[in-house]
Each structure stands twice: as C-alpha cells, then as structure tokens.
Amino acid sequence: MRILIRTSKWAIWSRRLGSLAVPLAIIPVFMHRERMISSADFGVVEIVAVSVAALALLLALGAFVRLWITGDQGWGKAVLGLFFSLVCLAPLGVVGWLSARYPAVSDVSTDYLNPPGIVSQLEVPFPDALGQAAVVSAFPNARDRSYPIEAAQMYELVAALADARGWEPRARRAPQTPLAEGQINAIATTLVGWRDEVAIRIQGTAQGAIVSMRSAALHGFHDLGENGRRIEEFLLALDQRVTEVLRNVVPSTAPVDDEPAPATQTDEDE
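Taking the working numbering, I'd label the letters of the sequence shown as residues 1 to 270.
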C-alpha cells in the first residue's frame, strides 16, 4: 500500500509570499533614490511589503507546527518563507530601535536661536524647547565651530567637504569680505531615498570664522537620528580638515638678507 505524503500548503504559501515581499521591499528603495516614484508612493509600497512579509512569517510559523504534528513535507519551503520574511522585517526592527534611541525631531541645528535658513518650500516642523534639549543631549558634538581661518578660506573648505559627500547643491553664497557671511544649501539623500536639506553658514569674525549647521528632513516626521548624526560627522571631518590646514601653515620667520655682509677692514689688511 502506497502512503501519500502531502506538502503543507502553509509552507507553500509562506515561501510564495516571502519571495514576493523581498522584491516588493527592495526594488522601491532604488526607485525612490532615483526619484522614479514619490515619497508617498514609496511609503505605501513599503507598508504593503511589510504586511506581506508579516503574513509570510505567520504562515511559516504555522507551517512548522503543522509539519511537526502531521509529518507532511514542506520544511524547506517553510524555512525559506521564514528567511524571506525576516529579511523584509529586519529593517522595521532597526527603525523601532532608532525611534526609541533618538528624539522624535526632524530638524537639527547647532544654533537654535539663529538657525541657518533653508531654501526648500516645504514647511519643516521646528523642535520646541523640549525637543531642542533632547537634541543637545543626544548629539553633544553638534555645536557651532569657531576656527582661526578667514571666512573665504573656511567657505572653500566647507564647500569641498559638502561636494565630497555627493550632496546636491541648492544655493551658495560666498562671503565677500573677512567679516561677511556666506552660506551653502544642499540636499542630502539617505540610504532609502529620503531627502534632507543641509544648510551651513560661515560667519566671518575678527578672529576667523564661525560655522553653524542645520539639517532638516523634508518629509517632516521622525528622522531616526539621521540629521544629528550627519551634522556631527560633518563637523568632526571639518575639525580634522582645519587641523591639517593649520598644521601645514609655515610659521613666519624674520627675513633673511641674502646679500653677504660687507667685509670689515682689519689691521693686518692695512
């Protein structure tokens, strides 16, 4: 007598839905970064992908129970469904962890009393006093910098660092005098395609220049600490660059007369 061993339908559908969720979650990321779809459409597609992955996960867990009890086939399909679903749901866990770790703000500045202006037409919610205090606590290195370098040279250093990061220029105004103000506005794109505006102000002073920075998420909701980390990373890189510039400056010395001194006449010569 031949015994028919069935393949669990739970396992089959878990693998099918899991294999559907993976491209549904990954492909829109590249499309969003290349601006082939809007941020609103991207959010909707990702919600669908997460829902499909969650269903695949439930089916995989149910398939494991049924396979253990019934002895049917389908362990490999259930494992694949579990793997695919976890791949899609792992970023959701990272988002939850970042949401708990960083303050719920979308605009970070080194100078909240007089923040550098942004040129985007979108209205970015500015943190209240409580949010500003949370930002100061979470990002201790996001502070104004004062450098003993003239504003014009400081502007060139800042512009070079911004270009090296691939930020898309929006507006630039170089300082015209040592005591004038200059500013750089650019768009930075996150890993998944969200866009933030970065504004960097260079204010000339009698001692050199003061650099203030602002980074604001144009989507307007929790930035998951992206803007604060960007400011800290940029300013630390700027600190290193300024240190290199100052180290390479040759200190001024007293001028040396290249002409030999006239010989003095001695008694022997006479």
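Idealized CB from N, CA, C, for every residue including glycine.
To which residues does DSSP link Q73 through a beta bridge? In the sequence shown, the residue the question calls residue 73 occupies position 73. Under the DSSP definition of a beta bridge, Q73 partners with T7.
For E181, the three-state DSSP class (helix, strand or coil): Sequence index remark: in the sequence shown, residue 181 carries index 181 (1-based). Secondary structure at E181: strand, using DSSP grouped into helix, strand and coil.
Which two residues bound the contiguous beta strand (DSSP E) that contains A134? Here residue 134 is taken as the residue at index 134 of the sequence shown, counted from 1. Annotation: A134 is outside any beta strand (DSSP E); the continuous alpha helix (DSSP H) that includes it extends over 129–138.
Backbone secondary structure at Y102 - three-state DSSP: Numbered from 1 along the sequence shown, position 102 holds the residue referred to as residue 102. In the three-state reduction of the DSSP assignment, Y102 falls in the coil class, being assigned neither a helical nor a strand state.
Option nearest F221 by Cα separation, candidates E168, S99, L113: On the sequence shown, position 221 is the one that residue 221 refers to. Nearest of E168, S99, L113 to F221, Cα basis: S99.
Buried or exposed: which applies to T266, given that a residue is buried once 16 or more other Cβ atoms fall within 10 Å of its Cβ? Taking the first residue of the sequence shown as position 1, residue 266 is located at position 266. Its pLDDT being 46, under 50, T266 is placed unreliably by the model, and the measurement read from it follows with that caveat. Its Cβ having fewer than 16 others within 10 Å, T266 is exposed.
Pick helix, strand or coil for Q240, following the three-state DSSP scheme. As a working mapping, residue 240 is identified with position 240 in the sequence shown. Q240: helix per DSSP, three-state reduction.
Helix, strand or coil: which one does DSSP assign to Q207? In the sequence shown, counting from the first residue as 1, residue 207 sits at position 207. Under the three-state reduction of DSSP output, Q207 falls in the coil class, being neither helix nor strand.
How many angstroms separate the CA atom of G62 from the CA atom of S39? Position 62 of the sequence shown holds residue 62. Position 39 of the sequence shown holds residue 39. Whole-angstrom Cα-Cα distance: 35 Å.
Helix, strand or coil: how does DSSP classify S212 here? For the purposes of this step, residue 212 is identified with residue 212 of the sequence shown, where counting begins at 1. In the structure shown, S212 adopts extended strand secondary structure according to DSSP, grouped into three states.
Three or more C-beta pairs under 8 Å: does that hold for the stretch 19–27 against the stretch 41–54? Taking a cut-off of 8 Å for Cβ pairs, the stretch 19–27 and the stretch 41–54 touch, as three or more such pairs fall below it.
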